[in-house]
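See structure below.
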Amino acid sequence: MSMIRAVAVSVGHYLPQRVVSNEEFQSKIDTSDEWIRSRSGIERRHFAADGELTSDLAVHAAKAALEQAGLVGSDIDAIILATSTPDQTFPSTATKVQHQIGMKSGFAFDIQAVCAGFAFALSNANALVVSGQAKRVMVIGAETFSRIMNWKDRTTCVLFGDGAGALILEAQIGTGTTKDRGILATDLNSDGQFNNLLYVDGGVSSTQTTGVLVMEGKEVFKHAVAKLAATATTALDKAGLAHQDVDWIVPHQANLRIIKSTAAKLRVPIEKVIVTVQDHGNTSAASIPLALSVAVNKGQIKKGHVLVAEAIGGGLAWGAIVLRW
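Numbering (the working numbering), first residue to last: 30 to 354.
See below:
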């Protein structure tokens, strides 16, 4: 039976020019390149320049995705921007991107699920397309986490970076089988009892300040592996696929040990996992589209490949998307 599928037609990304190596931290805090690599797999990350905003990163990524698809801003019906570091309290950063790419109609909004934000945004975009509310949706993950770091906390400040990635989904008619291109299944979860494991200690209502990131690293690690493997398995089950059908896992790029442990739990060889954490660090909601874009540009991900994108972030919030490229 035919049905509408949300099919990925292009992807693009942007990284700020400033590259920050592990060695750069050694003169500021008690750490070393070996310490950072052994615990996270991170070798370098990008930081936004002074005055360079999340919207600027998002616009660059959006324009790259438009160029790859041969589209212009007016061809897009909706923008969903996943970010925890918006330009302003309101309005949404997505509306700034909408204006900058020349999109005069349609609608744009932000979504906030921290590192799981892109998975949540993709799921919402899929619903818009499948329900007929939008023909083309641009899904963006963009972050400037360098603005919310505690530079005295060596366990967190070395882990994060800035960047943006954008994916364009388009409504296409599929057969309703697993052979279709596009999003085949989604799975979203959250559990607020774990709020204190990863959060920013500030906010408009509570402190009227931005605050800085606070994380219980060991506890987050423990939850991450189990929950990521479970959500990926659930999404595959919903799609009617099995682990052996997966061509690529595209995980949230938080920590190489989490990535490897999750792949092992899913019985997927590490050779089938897209890994960019060494070059970007943890870019929160931007990490999956960044990894997607890099892998597509390298020719790793090809048309027809089955991908599982999975992520977990503060909340805790976690989820997975199964799509055929």
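The beta-carbon is built from N, C-alpha and C at its ideal position, and this holds for glycine as well.
Given the structure is predicted, the values throughout are model-derived calculations rather than measurements.
Through-space distance from residue j to residue i, alpha-carbon basis
i	j	result
Ala324	His309	13 Å
Ser56	Leu44	24 Å
Val254	Ile341	9 Å
Ile105	Val159	16 Å
Ala214	Arg66	34 Å
Ile33	Val187	43 Å
Ile177	Gly246	17 Å
Gly328	Met167	22 Å
Ala315	Ala268	25 Å
Gly240	Trp64	26 Å
Met30	Ala163	21 Å
Thr118	Gln127	17 Å
Ala261	Asn218	11 Å
Lys301	Asp276	6 Å
Trp354	Val337	10 Å
Thr6	Leu257	No answer is possible for residue 6: it lies beyond the span of the chain, which begins at 30 and ends at 354.
Ser84	Thr114	10 Å
Leu227	Phe174	14 Å
Gly80	Asp209	43 Å
Arg68	Ser50	15 Å
Ala259	Ala346	13 Å
Ser100	Gln237	Reading off the sequence, residue 100 comes out as Leu, not Ser. Cα-Cα distance, rounded: 41 Å.
Glu62	Gly205	Reading off the sequence shown, one finds Asp at residue 62, where the question assumed Glu. Between Asp62 and Gly205, the C-alpha separation is close to 49 Å.
Leu295	Ala283	17 Å
Lys274	Ser235	Position check: residue 274 holds Asp in this sequence, whereas Lys was assumed. Rounded to the nearest angstrom, the two C-alpha atoms are 47 Å apart.
Glu72	Ile299	19 Å
Asn179	Glu339	27 Å
Met132	Ala98	16 Å
Leu265	Asn224	27 Å
Proximity of residue i and residue j at Cβ, strictly below 8 Å
i	j	result
Leu242	Thr291	no
Val335	Gly211	no
Ala148	Ile278	no
Lys92	Ile130	yes
Ala77	Asp230	no
His42	Leu319	yes
Leu110	Ser103	no
Leu352	Gly194	no
Arg183	Thr60	yes
Ala281	Val297	The displayed chain sequence assigns His, not Ala, to residue 281. Not closer than 8 Å, so no.
Val304	Ile317	no
Ser39	Ala94	yes
Ala107	Ala142	no
Asp116	Leu82	yes
Rounded Cβ spacing between residue i and residue j (contact assumed at less than 8 Å)
i	j	result
Arg74	Phe189	7 Å
Thr112	Glu53	Thr112 to Glu53, Cβ: 25 Å. No contact.
Val306	Gly135	About 34 Å; that fails the 8 Å criterion.
Ala87	Ile140	With a Cβ gap of about 13 Å, Ala87 and Ile140 do not count as contacting.
Gly28	Gly221	Because residue 28 is not part of the residues shown, which for the chain are 30 to 354, the question remains open.
Gly333	Ala145	About 27 Å separates the two Cβ atoms, so there is no contact after all.
Thr207	Leu285	No, Thr207 and Leu285 are not in contact; Cβ-Cβ is about 31 Å, not under 8 Å.
Counterpart residues of residue i in DSSP-defined beta bridges
i	result
Arg51	As written in the sequence, residue 51 is Asn, which differs from the Arg given in the question. Paired residue(s): none; Asn51 is not in a bridge.
Asn218	Trp347
His42	Gly194
Met132	None, per the DSSP bridge assignment.
His334	For His334, which the question treats as bridged, DSSP gives no partner whatsoever.
Phe138	Ile109
Gln201	Arg34
Glu339	Pro280, Ala349
Leu169	Checking the displayed sequence, the identity of residue 169 turns out to be Ile instead of Leu. Note: Ile169 sits in a beta bridge opposite Leu110, Ala195.
Gly211	Arg353
Met244	Leu227
Gly232	Thr238
Residue i CB to nearest heavy atom of the ligand NAP below 7 Å
i	result
Val38	Ligands displayed in this structure: none; no statement on the ligand NAP is therefore possible.
- request: Tell me, please, whether the region 159–169 touches the region 192–203 by the rule of three or more beta-carbon pairs shorter than 8 Å.
  value: Below 8 Å, enough C-beta pairs join the region 159–169 and the region 192–203 to call them touching: three or more.
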